[in-house]
Amino acid sequence: MPQSAVAPSDAPLLITQDGAVQTLTLNRPAALNAFTAELLTLLRQALDSAAADASVRAVVITGAGRGFCAGQDLNDPMTRPHPTPDAPDQHFGALLDKFYQPLALRLSSMPVPVLCAVNGVAAGAGANFALGCDLVVAAQSASFIQAFSRIGLLPDCGGTWLLPRLVGRAKALQLALLGDKLGAEEAQRIGLIAQCVPDADLAATVQSLAQKLAAMPTRALAQTRQAFDRAMQLDFDEALRIECQAQTELGRSFDFQEGVDAFLQKRKPAFQDR
Ligand code: LHQ
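Numbering-wise (my numbering), the sequence shown opens with residue 1 and increments by one.
Okay, here's the thing in structure tokens:
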């Protein structure tokens, strides 16, 4: 299927679809795609739509220009630290509740795999949004910065949960306390991201991974992510119980039957559940 643009090219979020792979491109390149209320809202709406659209079997998120996302837009009026007469209830808790928490939760409950193509710097909430995706592939020149401590904040957008799980407490604290830039190669080496590729190969690599995942039994892929995330908080016996429950559900799915039939009939499976 040819690529189809479904948003004007100057919109803060571009949405295109190639076959069963939908690509969301953060598109505020002059501000390194920093998050505004509008962009955060569009992003959540786009993920909601993708989750509800049976034609979408994998989502790719990337950024336009030289950055991936510089986190919260620090020019946005909503980042003023103190209440103002026109916004007496303004505080960061409300901002996180309204925009960031729903986005992080939406990401972690997507029914299809979400890949992140980190094309440049990913800072603050931009870094943690990327790290919340299922498969993070970064260009060699990209970098990750837990920029929060530089401005007197703590990691948000799921960072406190994700970082220690991804790289262990010691590395997580090193990244979060110092707020230093971590290059993509080092990010891959310490297990923060799945893969680092030459800049010129990023788009093609991620699209090819996304097409591959889109042709797989996506319900099983989403259940795998959810079981991993839950198992992090569970005792071994409880994790085994979750595996049993999920496997029971998957064992009754069309895709399981199709996978087995295709194997026995020595043909390519045509998965369609999600
Ligand atoms: C930006 C930004 C930006 C606006 C670059 N905003 N314009 C949640 C809830 C509540 C409150 C607060 O926050 C949060 C979550 C968070 O995300 S907090 C963390 C917010 N992000 C940051 O602190 C990162 C700020 N940016 C940077 O440190 C640098 O820009 C990085 C290291 C990302 C990139 O550095 P450079 O490659 O040297 O680029 P640059 O600094 O020259 O930026 C290029 C342009 O982008 C520049 O605009 P200009 O008009 O001068 O060309 C920047 O002002 C703009 N920009 N980040 N977050």
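We put the CB at the ideal spot given by N, CA and C, even for glycine.
Along the chain, where does the alpha helix (DSSP H) containing residue i start, and where does it finish?
i, result
"residue 13", "Counting along the chain, residue 13 falls outside any alpha helix (DSSP H), though it belongs to the beta strand (DSSP E) covering 13-18."
"residue 207", "202-214"
"residue 257", "254-264"
"residue 275", "With the chain covering 1 to 274 only, the question about residue 275 has no answer from this structure."
"residue 160", "159-167"
"residue 153", "Neither: residue 153 is in no alpha helix (DSSP H) and is coded neither H nor E."
"residue 92", "92-95"
Can you tell which of the options has its C-alpha closest to the C-alpha of residue i?
i, options, result
"residue 215", "85, 13, 14 and 18", "18"
"residue 93", "240, 134 and 154", "154"
"residue 157", "171, 189 and 123", "123"
"residue 260", "233, 274 and 217", "217"
"residue 132", "144, 97, 116 and 145", "116"
"residue 222", "194, 211, 134 and 143", "134"
"residue 121", "43, 256, 62 and 254", "62"
"residue 59", "43, 73 and 249", "43"
"residue 27", "96, 193, 265 and 119", "119"
"residue 150", "228, 220, 179 and 161", "179"
Three-state secondary structure (DSSP) at residue i?
i, result
"residue 60", "strand"
"residue 112", "coil"
"residue 192", "coil"
"residue 245", "helix"
"residue 103", "helix"
"residue 170", "helix"
I'd like to confirm the pairing. Which residues does DSSP put opposite residue i in its beta bridges?
i, result
"residue 87", "84"
"residue 181", "145"
"residue 67", "121"
"residue 129", "Residue 129 pairs with nothing; no bridge assigned."
"residue 72", "35"
Between which two residues does the beta strand (DSSP E) holding residue i run?
i, result
"residue 221", "It is not in any beta strand (DSSP E) - residue 221 instead sits in the alpha helix (DSSP H) that spans 218-231."
"residue 138", "135-139"
"residue 26", "21-26"
> Would you say the region 84-96 touches the region 184-195, given that touching needs at least three Cβ pairs under 8 Å?
Replying inline: No, because fewer than three Cβ pairs between the region 84-96 and the region 184-195 fall closer than 8 Å, the two stretches do not touch.
>> Whether or not the region 45-52 and the region 199-213 are in contact is what I'm after, with contact meaning three or more pairs of Cβ atoms, one per stretch, closer than 8 Å; do they touch?
In response: no
>> Assess contact between the region 97-113 and the region 164-174, defined as three or more Cβ pairs (one per stretch) separated by less than 8 Å. Is contact present?
In response: Counting Cβ pairs under 8 Å, fewer than three are found: no touch.
> Three or more C-beta pairs closer than 8 Å, one from the region 61-74 and one from the region 129-143: is that the case here?
Replying inline: Counting C-beta pairs with one atom in each stretch, the region 61-74 and the region 129-143 have three or more that are closer than 8 Å, which means they touch.
> If we count Cβ pairs, one from each stretch, closer than 8 Å, do we get three or more for the region 195-203 versus the region 238-256?
Replying inline: The count of Cβ pairs closer than 8 Å, one atom from the region 195-203 and one from the region 238-256, stays below three, leaving the stretches out of contact.
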